[in-house]
Each structure stands twice: as C-alpha cells, then as structure tokens.
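Just so you know, the protein sequences line up as chains A and B, in that order. For the first sequence, the working numbering assigns the number 1 to the initial residue and increments by one for each residue that follows. For the second sequence, the working numbering assigns the number 1001 to the initial residue and increments by one for each residue that follows. Beta carbons: idealized from backbone N, C-alpha and C, even for Gly. Taking it in order: structure first as structure tokens, then the write-up.
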Amino acid sequence: MFKNAEGKSIVLNMAKAIHDNKAYLGEIDGLIGDGDHGMNMNKGFSCFSERFSDKKITFSEGLEELGMVLLNEIGGSMGPIYGTIFMEMADTANGADEIDLALFSKMLDAGMEGLFRIVDARVGDKTVVDTLSPACDVLHEALAAKKSFLEALENMKAAAIVGMESTKSLVAKFGRSSRLGERSRGVLDAGAVSCCIILCAMADGIKKLSSDQIGTI
Amino acid sequence: MQRILNDPDNIVDEMLVGFTKAHADIVTPTNNSRVLKYVGAPCKGRVGVATGGGSGHKPAFVGYIGKNMCDAVAVGEICTSPTAIAFLDAFRAADSGKGVACLYGNYSGDNMNVKMAIRMATKEGIEVKTVVANDDAASAPKDQCEKRRGVAGEIFMWKVGCAKAATGASLDEVITSAQKAIDNTRSVGIGLTPCTLPAVGHPNFTIEEGTMEVGIGHHGEPGIEVCPLESADQMARRMVDIVVNDYPFVEGNEVAVLVSGLGATPIMELYVLYAEVERLLHKKKIKIYKTYVGNYFTSLDMMGVTLTIMKLDDELKELMDMEAYSVGLKQA
C-alpha cells in the first residue's frame, strides 16, 4: 500500500508519460482519426501539472483535479471519458489515508463503471475499454490469489498492454473511426493506447512511491 | 503554411474576439469565453435554442446565433467537441424558463458532453431536450441511421427549430419540428483536397491530385469512394443520386436545397454545380421551393462541396420562410 497524501507524484508521472508520448499518440490517431489525440491529451495533462506541481495534494485529490481539468477544458471525447474515469476513481478513494490493492482495484472498477454510464462501448469495440477492462479483471484475480500489490501492478501493466494490442485486429464500433468499418482494422486505437500509457505510468508511479516508502507494500 | 495566424494554438480564442467585435449587433460574449449568445437571449416567453460543436466550420456554429436563430452556442477547439461546461453555460444563456432545445450533430464527443451537460442542467432545474442531426447519407448505411453524422443539414434543423421557438411553441413542439426537419433531410459531400489543422501545420490525410473523395466528412472522415476527379455536372449527378435515392425524394416532392462549399472552393464553382443539381431535380419532377448556395458549413481549408436536400410540408415551408438575422443566414 502507499500513502494517499504522498501520491501526487503518481499523477504527475501520468502527465509526464502523456507528454512524452504526445507525438506518438497524434500519429496513431492520424491513421484512422483526426490526429489531435496527443495534442489534446497533453493540453489537459500539462495544464494539471502546471497548476499543481508546487501544490500539496493527495493522489485522490490529484485524480479529481485532473479529471476536472480534462472535463472542463479539453472537451472532445477524451475530456468526458478520462474525466469520468479519474473523478470516479477519486470519489472511491476519498478520505482514505492509505491505498492498498483492494482499494485500488475498487477505484479502477468505479472508473470503468462511470465510463459505462456515458458510453455504450464494451470489450471488443476498439476503444479505451479494451485496455481498461482487462486491467480491472487482473486486479480482481490478483486480489483473489492474495498476490502482493507490486505483483498485481505488474500483472495490470501486462494485461493493459495485451488489451491495447488487441485493438489492432479489431474493427472500430464507436467514435470517429467507427465510420471506417473494415478500414479501421490493422491499426491500434489511439484511446486504447493512451489508456495503456496512463495505466502503466500509474503503476510505475505507485511502485516508485512504494519503494521510497520502504516496506509498506 | 500561408496563413493569417498569430499563435495557432490560440486561433479559436482569437477568432472569437474578432467575431464578437465584428458582429456586436447580433452576438455578445458570456461569462464562459467559449460560449457566445444572441444579444436578445434569453428571449422572454420562448423556448431557448442552443447548439455547439468544434471550430473550423465557419460560419457554423456561432454564425447561426441571431434573431429567430440560435440563442447560444458552445464553441470547441478545432474539430473537437466543446466541453460539458460550455454546453451547460450555453443552456444557461439560452434558457428563459421555458426549457432549451439543444440541436446538435451526431459525433461521439458532442454526444458525451451534451449528455453530461444535461445531467448538470437538470440539477439546476433547466429542462433540456435534444435533436441529434444525422443527415450525412454517406456516413453509414441506411439501416444504421443512428450512426450517421450531422453535416450541413444541421442548418435546416436550426432554421426550423429556431423559427418554431420564435412562434412561442412549447419545448416538445420545437423538438418535434426540428426532428421532422432533420428526418426529412439528407446530405452528401465530395472532398477535393484535405484540410489542415493550424496547430498541426499539415494535413493528416491525403486526397491525391486528380482524384476526389465521395462521402467525405466535415473533419476529413473517409468517404465511401475515391475516384478520378469529375466535371461539375458529373459530381452533381453523383450527389443527387446518393441524396435522392437514400431518402428517397420522389416526383411531386417540394424541397429546400443547400449547396455549401467546404471552405477553399470558390463560390462560383458552387453555382456551376447547382445549375446541374437544379436541372436534375427538375427532370425528376422534384420541385425546389427554396435554395441556398454559399459557404454555409465549411471544413477549414478543404476544397469540395456538400449537397443537402430537405423535403418540405406546409409547416416546414412556413418555418423556413420566417425572417432570420444571423451572420450565416440572413433572410427577410
């Protein structure tokens, strides 16, 4: 587990990962979308970093603020999608001093449930869901198998990557690329890729924080 | 890029400043820098009409704010849905207490943000109902109409819905008329060149020289066919066939026709195309009641054209004929 109060670095790590992958996300989106995914995501995430890098906030407050920034300032599809995921995660964590595997798993579940209230996409539709859903699933499995938080995070990263890669062979059912039908096959979904980048950065951020708080995980 | 720019990342805000200054007799800013409203909004005793969408489609969307036109518009980044907050602020600006009709186009981002904005508006006691335009016949097969995009047909939806609101009709009546307008409307586009997002600096798709893309979307969404560039008459025939057969429009129908450029096509070419559109419809004994030709709904600097046809009945004729005063549509 890690201390919520010290978790701002996790959110900043997510923002950095989006920043580092801005051009890559734009390229992927340009193949079957309109090419603005990297630019828009980076705009929202860097806006968060600028505002909060020198402020004291917790992990869950950071997710809440990031969600609000995305929802209120970047618009598009990704504003409401990621805004909802992060704000639901924050709601679920609210008040907790420490976040362990069970709570983290619950938070991610809440993010996905919130997403399902605003989109109809499910696994196999070539969207963010293809990355997020298997990540939620492996956390449940890790919890049942009484795995450590660290091992569970590694499993989550692996599942997110497999989920993201699965979108390559899928045909888009939602979003702008869905109008392409068969022509969308063979290309990764940009939302699934950014979701994978975010989940991996979140896992790495937690791992880094945990190793700094030696023995707490 | 040979463009008139300062900082391309600020183009939307800078454009809005200029737009508000130039048209101060029609539009006025609100507390939200991404929401403009009609100087007379909210119009007392009337249902408010709000819309919104990404930027780059001038005169849509802000150009359709005006007298007997839209009351408030949420403005997004280029080709990007406005935020949920912007839609909410547009509802607030449009609402006189009789509810708000949000008439917008079928894009996933707009759908989500409108949905979230409605949830927030409902909590404030603002009643909002929607009509989602899906007139682009080329964007999905007919049995998947709910997937089709909204394109230039949105102008007819706004004209009808806003005119209905101006008659003092109830929210449900405004929604019913706007829905009828879009249900009676079909559009198709042909793209000749790609468009460039100013902040990106180069097009993110290509249309080869000497070819054209039939069914292209307003953001460059791929169409149904790429084929060698044709003459204006051949393009007109292709577009009329797609639109007329899809609805279908039949002998004896009375229609409104809108030919819109996509931004970089000279307007004279639109008239060349319209001449053949008129001839073909006449031959099919479809009667043109009203015609609009010009840059009504564009796609940045794309070259190309869209054709939109709406079947009219007595109510739609009356609403289409009502006086309107906006930047994009002025009629006495």
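Would you mind listing the beta strand (DSSP E) stretches within the region 1290-1332 of chain B that are 3+ residues and don't spill past its ends, in chain order?
Complete beta strand (DSSP E) runs here, min 3: 1304-1311, 1324-1326.
Apart from the five residues on each side of it in sequence, which residues of its chain come closer than 6 Å, Cβ to Cβ, to B/A957?
It is not possible to answer for residue 957 of chain B, since the shown part of chain B is limited to 1001 through 1332.
Give the residues of chain A in contact with B/I1085, contact being defined as C-beta atoms less than 7 Å apart.
As a position in the second sequence, residue 1085 of chain B is number 85, starting the count at 1. Ordered by position in chain A, the residues that pass the 7 Å Cβ test against B/I1085 are N72.
Less than 8 Å between the CB atoms is what I'm expecting for A/I99 and A/A93, so what's the real figure, rounded?
For the purposes of this step, residue 99 of chain A is taken as the residue at position 99 of the first sequence. For the purposes of this step, residue 93 of chain A is taken as the residue at position 93 of the first sequence. Rounded, the Cβ-Cβ distance is 6 Å, consistent with contact.
Helix, strand or coil: which one does DSSP assign to B/L1262?
For the purposes of this step, residue 1262 of chain B is identified with residue 262 of the second sequence, where counting begins at 1. Correct three-state label for B/L1262: coil.
Note down the Cα distance separating A/Y24 from B/L1005, rounded to an integer number of angstroms.
As a first step, residue 24 of chain A is located in the first sequence; it is residue number 24 there, counting from the start. As a first step, residue 1005 of chain B is located in the second sequence; it is residue number 5 there, counting from the start. So the two alpha carbons sit approximately 26 Å from each other.
Throw me the rounded Cβ distance for the B/K1284 and B/E1318 pair, which I believe falls under 8 Å.
For this step, residue 1284 of chain B is matched to residue 284 along the second sequence. For this step, residue 1318 of chain B is matched to residue 318 along the second sequence. Rounded, the Cβ-Cβ distance is 25 Å, inconsistent with contact.
Taking the continuous beta strand (DSSP E) assigned at B/G1097, which residues delimit it?
Here residue 1097 of chain B is taken as the residue at index 97 of the second sequence, counted from 1. Looking at the DSSP string, B/G1097 is not in any beta strand (DSSP E), and its letter there is neither H nor E.
Specify the secondary structure class of B/C1227 as computed by DSSP and reduced to three states.
Numbered from its first residue, the second sequence carries residue 1227 of chain B at position 227. The answer is strand: DSSP assigns B/C1227 an E or B state.
Among residues of its own chain, excluding the 5 on either side of B/A1090, which ones have a beta-carbon nearer than 7 Å to its beta-carbon?
The sequence position of residue 1090 of chain B within the second sequence is 90, counting from 1. Result list for B/A1090: V1035, A1050, G1052, A1072, V1073, A1074, in chain order.
Check whether the region 1123-1138 of chain B and the region 1287-1299 of chain B are in contact - that is, three or more C-beta pairs closer than 8 Å.
As far as the Cβ criterion goes, the region 1123-1138 of chain B does not touch the region 1287-1299 of chain B, which means the pair count is below three.
Are B/G1056 and B/C1079 close, meaning C-beta to C-beta below 8 Å?
The count along the second sequence starts at 1 and reaches residue 1056 of chain B at position 56. The count along the second sequence starts at 1 and reaches residue 1079 of chain B at position 79. Contact flag set, yes.
By DSSP, does B/K1044 sit in helix, in strand, or in coil?
Numbered from its first residue, the second sequence carries residue 1044 of chain B at position 44. Of the three classes helix, strand and coil, the one that applies to B/K1044 here is coil, per DSSP.
Does the beta-carbon of A/P134 have 16 or more other beta-carbons within 10 angstroms, so that it is buried, or is it exposed?
Translated into the one-based positions of the first sequence, residue 134 of chain A becomes position 134. It is buried - the Cβ of A/P134 has at least 16 other Cβ atoms within 10 Å.
Any Cβ of chain A within less than 8 Å of the Cβ of B/E1077?
Locating residue 1077 of chain B in the second sequence gives position 77, counting from the first residue. Taking Cβ atoms only, chain A reaches closer than 8 Å to B/E1077, which makes this a yes.
In terms of residue numbering, what span does the alpha helix (DSSP H) encompassing A/S9 cover?
The residue given as residue 9 of chain A occupies position 9 in the first sequence. Unbroken alpha helix (DSSP H) run through A/S9: 8-20.
Would A/L12 and A/S53 qualify as a contact pair, given that the criterion is a beta-carbon distance under 8 Å?
The sequence position of residue 12 of chain A within the first sequence is 12, counting from 1. The sequence position of residue 53 of chain A within the first sequence is 53, counting from 1. Yes.
In chain order, what residues of the same chain have a beta carbon less than 6 Å from the beta carbon of A/N21, not counting five sequence neighbours either side?
Counted from its first residue, the first sequence places residue 21 of chain A at position 21. So the list reads I197, once near-sequence residues are dropped.
Counting only beta-carbon separations shorter than 8 Å, does A/M89 have a partner in chain B?
In the first sequence, the residue the question calls residue 89 of chain A occupies position 89. So, not an interface residue.
Which residues in the same chain as B/V1327 place their Cβ atom closer than 6 Å to its Cβ, once the five residues preceding and following it in sequence are excluded?
One-based indexing of the second sequence puts residue 1327 of chain B at position 327. H1023, P1059, G1063.
If you measure from the beta carbon of B/L1197 to each beta carbon in chain A, is any gap under 8 Å?
Taking the first residue of the second sequence as position 1, residue 1197 of chain B is located at position 197. Chain A, which has a Cβ nearer than 8 Å to the Cβ of B/L1197, makes this yes.
For B/V1017, name the three-state secondary structure that DSSP assigns.
Within the second sequence, residue 1017 of chain B is the residue found at index 17, counting from 1. Looking at B/V1017 - three-state DSSP - the assignment turns out to be helix.
Can you name, in chain order, every residue of its own chain whose Cβ lies under 6 Å from the Cβ of B/V1174, other than the five neighbours on each side?
Here residue 1174 of chain B corresponds to residue number 174 of the second sequence, with the count starting at 1. V1047, A1101, G1161, K1164, A1165, listed in sequence order.
In angstroms, rounded to a whole number, what distance separates the CA positions of B/V1305 and B/T1298?
As a position in the second sequence, residue 1305 of chain B is number 305, starting the count at 1. As a position in the second sequence, residue 1298 of chain B is number 298, starting the count at 1. Their Cα atoms are separated by approximately 9 Å.
Just checking my contact of B/V1255 with B/M1310 at CB under 8 Å: how many whole Å lie between their CB atoms?
By 1-based counting over the second sequence, the position of residue 1255 of chain B is 255. By 1-based counting over the second sequence, the position of residue 1310 of chain B is 310. Going by Cβ atoms, the distance from B/V1255 to B/M1310 rounds to 6 Å, so yes, they are a contact pair.
May I have the straight-line CA-CA distance separating A/E64 from A/M87, to the nearest angstrom?
Within the first sequence, the letter at position 64 stands for residue 64 of chain A. Within the first sequence, the letter at position 87 stands for residue 87 of chain A. Roughly 5 Å separates the two Cα atoms.
What residues from the region 105-122 of chain A come within 8 Å of chain B, judged by C-beta to C-beta, listed N to C?
Going along the region 105-122 of chain A in chain order, one finds I118, V119 with a Cβ nearer than 8 Å to chain B.
Have a look at A/K168, A/K106, A/G76, A/A152 and flag the residue whose alpha-carbon is nearest the alpha-carbon of A/R183.
One-based indexing of the first sequence puts residue 183 of chain A at position 183. Checking every option, the nearest Cα to that of A/R183 belongs to A/K168.
Please decide whether A/L132 counts as near chain B, where near means a Cβ-Cβ distance under 8 Å.
Along the first sequence, read from residue 1 onward, the residue named residue 132 of chain A stands at position 132. Not one chain B Cβ lies under 8 Å of A/L132.
Can you tell me whether B/K1147 is helix, strand or coil according to DSSP?
For the purposes of this step, residue 1147 of chain B is taken as residue 147 along the second sequence, with counting starting at 1. Helix at B/K1147.
By DSSP, does A/G124 sit in helix, in strand, or in coil?
By one-based count along the first sequence, residue 124 of chain A stands at place 124. Looking at A/G124 - three-state DSSP - the assignment turns out to be coil, as it is neither helix nor strand.
Give the DSSP-derived three-state secondary structure of A/G75 in the structure shown.
Counting from 1 along the first sequence, the entry for residue 75 of chain A is found at position 75. Here A/G75 sits in coil by DSSP.
Suppose the cutoff is 6 Å on Cβ atoms and the five residues either side in sequence are ignored; what does the same chain contact list for A/V69 look like?
Taking the first sequence and counting its residues from 1, the one referred to as residue 69 of chain A is at position 69. For A/V69, where only same-chain residues beyond five positions count, the Cβ hits under 6 Å are G44, C47, F48.
Going by DSSP, which residues form a beta bridge with B/A1038?
Working through the second sequence from its first residue, we reach residue 1038 of chain B at position 38. Correcting the residue identity first, residue 1038 of chain B is Tyr in this sequence and not Ala. Paired residues: B/V1027.
When the distance is taken between beta carbons, is B/V1131 closer than 8 Å to B/I1182?
Translated into the one-based positions of the second sequence, residue 1182 of chain B becomes position 182. Translated into the one-based positions of the second sequence, residue 1131 of chain B becomes position 131. Yes. Within cutoff.
Going along chain A in order, which residues have a C-beta closer than 9 Å to the C-beta of B/M1015?
Taking the first residue of the second sequence as position 1, residue 1015 of chain B is located at position 15. Within chain A, no residue comes near B/M1015; the closest Cβ sits about 16 Å away, beyond 9 Å.
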